[in-house]
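The block underneath contains the structure these notes are about, expressed in structure tokens.
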Amino acid sequence: MAQMLSLSSTRWQDTYITREVRRRVWWTLFMADRWCSSGLGLPRQLDDSSSSPESLPTDEHLFHAAFDDNDERRPSSPKLGLWAYMIRLVDIFGSVLDLNRRLIRCSDDSVEGDVLALSQRFEAWEAELPIDKQFNLTNLIEWHHRSHGGTFVALHLGFHHYQTLLYFQYLHNTRSTRSVQYAASCRQHAIEFARLLRVSRERRIACSYPTIGHMALVSSAVLIHTLLYGDDQNLADVRALLVSNFEVITELKEQWPCLQRTVSLSEYFLATAWLTRG
Amino acid sequence: MKVAKSCLQCREAKKRCLQIQGEACSPCIKRKVQCSFEQSSRKQSRRKLEPAITKDSEDSACPCSVLSTSAILDLVDRYIEYVHDKPHSLFHQPTLRQAVRYRTLRPVLLCGICGIGARFSNDIDVKGTSQRFADHAKQLLQHDLDNVCLENIQACILVASLCSSVSQIAAEALYIGLHIQKSILP
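Taken in order, these protein sequences are the chains called A and B.
Residue numbering for the first sequence follows my numbering, beginning at 40 and increasing consecutively.
Residue numbering for the second sequence follows my numbering, beginning at -9 and increasing consecutively.
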């Protein structure tokens, strides 16, 4: 239906608001296509996009502040919004999914080149991020003040989650120097994910949808692996982050019953963490 | 049911509405504002007003019919605060709130949004209406699936979210996939 309506194209009669809404709906389907494909193992239906800047969503704060097309606050060349960078990130996520599916179908020792290429794509994405969208406490507070803190958190949670998935295979594969580095990256991104989730919860930044619970479970799986097999010194911090992930998942289950099984798994991880206290 | 001959913007501005079927009306195009009559080419130019809340609504099964406007707006605000612009981005928020206040938002969208917003209500009774909103939104959508329009795509995404929230994962994929995989028209 989206393709029939040519949602990804602009029409001469569209107002600024209509154009932006159509654009965002299109990209929502693009994101959902990748996430559904991930969750169900279905082939994707929308091709990878070159995502030219003209087609990407504009700044959320300006878009939701402008009431109509004549609003003087709307700049003639609006900058890219948080969602634009979310879309570029999920584009890379699609390739991570393809790689992991290939690994499941046949153990492939030649993937290091692909992992390196994806790793560089994530680095390039982070390097291109404008100053106001980079993660730090000042930006978090500022976006929260503008009522878009949840979107800012979602962006950076995705950044850490996708890379946790990329390097996950190396947790038990440390044959080369590079694979040791990748294993460390996996653990680090899982930790950063959990830290971000904890700080957003402490600051009451609303970001509550089921996928957060699923991502938190992946983070917890890596954290428990770190407790059991890692040689990190700061195991008390890792244990505290496991507790924090569990608390978030439990709270999310109150709104989203589909997370019941996720809660059970998270409880299991927590119980295991207690056993490792020694 | 009233039959609206003019779009909301022309009515407010007391202008003559000259609608091009299936598109924005010419005064709105000239003034460069969003036209509330913009819709798919399958719809007729005369469109029924569908109030969000009315006690004598034909759609008495709609959970919205028992909630006040302020209660509805609260659910919409909760949806915007907790969910909108995170896993999906579907609406221009000021336009959405205005459509709820003026009762011009299509019931399928209102039910989908309220179904999600209700999950975050502190009132247990309101929270319990979430599944009723979801079921009603699904029903309305299923009866109108052959209508190719932006609002139905937005509704599909909302209904998909509601399906996934109760682990109806296959249904979620169906509603998302349904509106992506179609034949392409110029």
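Note that the Cβ used here is the ideal one computed from N, Cα and C, for glycine as well.
Residue closest to residue i, alpha-carbon to alpha-carbon, out of the options
i, options, result
"L309(A)", "N284(A), G120(A) and V192(A)", "N284(A)"
"D171(A)", "E162(A), A163(A), W182(A) and W164(A)", "W182(A)"
"C(-3)(B)", "T119(B), T94(B), G107(B) and S155(B)", "T94(B)"
"W313(A)", "K292(A), L280(A), T289(A) and Q294(A)", "L280(A)"
"R226(A)", "Y206(A), I244(A), L68(A) and R237(A)", "Y206(A)"
"R91(B)", "S79(B), L65(B) and D115(B)", "L65(B)"
"P77(B)", "A255(A), I251(A) and L291(A)", "I251(A)"
"L184(B)", "D115(B), A61(B) and D136(B)", "This structure cannot settle anything about residue 184(B), because the visible part of chain B is limited to -9 through 176."
"A104(A)", "E151(A), I56(A), C75(A) and A123(A)", "I56(A)"
"I126(A)", "T190(A), S158(A), A156(A) and L101(A)", "T190(A)"
"A166(A)", "L128(A), D137(A) and L138(A)", "L128(A)"
"T85(B)", "W122(A), T54(A) and A229(A)", "T54(A)"
"D137(A)", "L121(A), Y307(A) and V154(A)", "V154(A)"
"S224(A)", "T203(A), S94(A) and T216(A)", "T203(A)"
"Q159(A)", "Y221(A), S186(A), T265(A) and S258(A)", "Y221(A)"
Own chain partners of residue i with C-beta closer than 7 Å, once the 5 adjacent residues on each side are dropped
i, result
"F132(A)", "R73 and Y201"
"R240(A)", "V287"
"Q208(A)", "L142"
"G107(B)", "L65, V66, R68 and Y69"
"S134(A)", "L157"
"I114(B)", "none"
"L175(B)", "Low confidence applies to L175(B): its pLDDT is 29, below 50, so where it sits in the model is not reliable, and the reading given next is rough at best. Correct list: empty, nothing qualifies."
"I244(A)", "H183, G188, G189 and V192"
"Y124(A)", "L168, K172 and L194"
Buried or exposed by the 16-neighbour rule on C-beta atoms within 10 Å, applied to residue i
i, result
"E99(A)", "buried"
"R63(A)", "buried"
"I143(A)", "exposed"
"Y268(A)", "exposed"
"E162(A)", "exposed"
"Q299(A)", "exposed"
"T301(A)", "buried"
"R32(B)", "Low per-residue confidence applies at R32(B): pLDDT is 41, beneath 50, and the placement is therefore not dependable, though the value from the model is reported in the following sentence. Result: exposed."
"P96(A)", "buried"
"H133(B)", "exposed"
"K38(B)", "Low local confidence applies: a pLDDT of 40 at K38(B) is under 50, so the model's placement there is unreliable, and no value is given."
"S303(A)", "exposed"
"S292(A)", "The sequence shown places Lys at residue 292(A), not Ser. K292(A) comes out buried."
"R6(B)", "exposed"
"I180(A)", "exposed"
"G152(A)", "exposed"
"R242(A)", "exposed"
"G118(B)", "exposed"
"R140(A)", "exposed"
"A51(B)", "exposed"
"D75(B)", "buried"
"V315(A)", "The sequence given here places Thr at residue 315(A); Val does not occur at that position. Answer is exposed; the Cβ neighbour count stays below 16."
"Y307(A)", "exposed"
"S215(A)", "exposed"
"T265(A)", "buried"
Residues sharing a beta bridge with residue i, DSSP
i, result
"L119(A)", "T97(A)"
"H74(B)", "H78(B)"
Close Cβ partners of residue i (< 6 Å) along its chain, the five nearest in sequence each way excluded
i, result
"V219(A)", "T213"
"V98(B)", "A127, L130, L131 and A145"
"D276(A)", "none"
"R109(B)", "S120"
"L148(B)", "G102"
"T311(A)", "I263"
"K118(A)", "D98"
"A124(B)", "G105 and L152"
"P17(B)", "C0 and K5"
"T44(B)", "In this prediction, T44(B) scores a pLDDT of 40, lower than 50, which makes its location untrustworthy; no coordinate-derived value is stated."
Proximal residues to residue i (C-beta, below 8 Å), its chain only, five neighbours per side dropped
i, result
"L235(A)", "F174, V192, H195, L196 and H199"
"S149(A)", "none"
"E59(A)", "P96, T97 and F102"
"P249(A)", "L291, W295, C297 and L298"
*When Cβ atoms are compared, which residues of the segment 280 to 303 of chain A fall closer than 7 Å to chain B?*
Going along the segment 280 to 303 of chain A in chain order, one finds Q294, W295, P296 and C297 with a Cβ nearer than 7 Å to chain B.
*asked:* For the segment 244 to 278 of chain A, list every residue whose C-beta sits within 7 Å of some C-beta in chain B, in sequence order.
replied: A245, C246, S247, Y248, P249 and T250
*Taking any Cβ of chain A, which residues in the segment 96 to 128 of chain B have a Cβ under 7 Å from it, in chain order?*
The residues in question are R109 and F110.
*Which residues, taken in chain order from the segment 76 to 90 of chain B, show a beta carbon closer than 9 Å to some beta carbon of chain A?*
K76, P77, H78, S79, L80, F81, H82, Q83, P84, T85 and Q88
*Given a limit of 8 Å on CB to CB distance, which residues of the segment 135 to 156 of chain B reach chain A?*
Listed by position along the chain: V138, C139, L140, N142, I143, Q144, C146, I147, A150, S151, S154, S155 and V156.
_Near-chain A residues of the segment 53 to 73 of chain B (beta-carbon distance less than 8 Å), N- to C-terminal order_ = E71, Y72 and V73
_At a CB distance below 8 Å, what residues from the segment 56 to 73 of chain A approach chain B? Give them in sequence order._
I56, T57, E59, V60, R61, R63, V64, W66, T67, L68, M70, A71 and D72
*Contact list for the segment 163 to 193 of chain A against chain B, Cβ threshold 9 Å*: S186, H187, G189, T190, V192 and A193
_Taking beta-carbon pairs under 8 Å, can you tell me which members of the segment 200 to 212 of chain A lie near chain B?_
none
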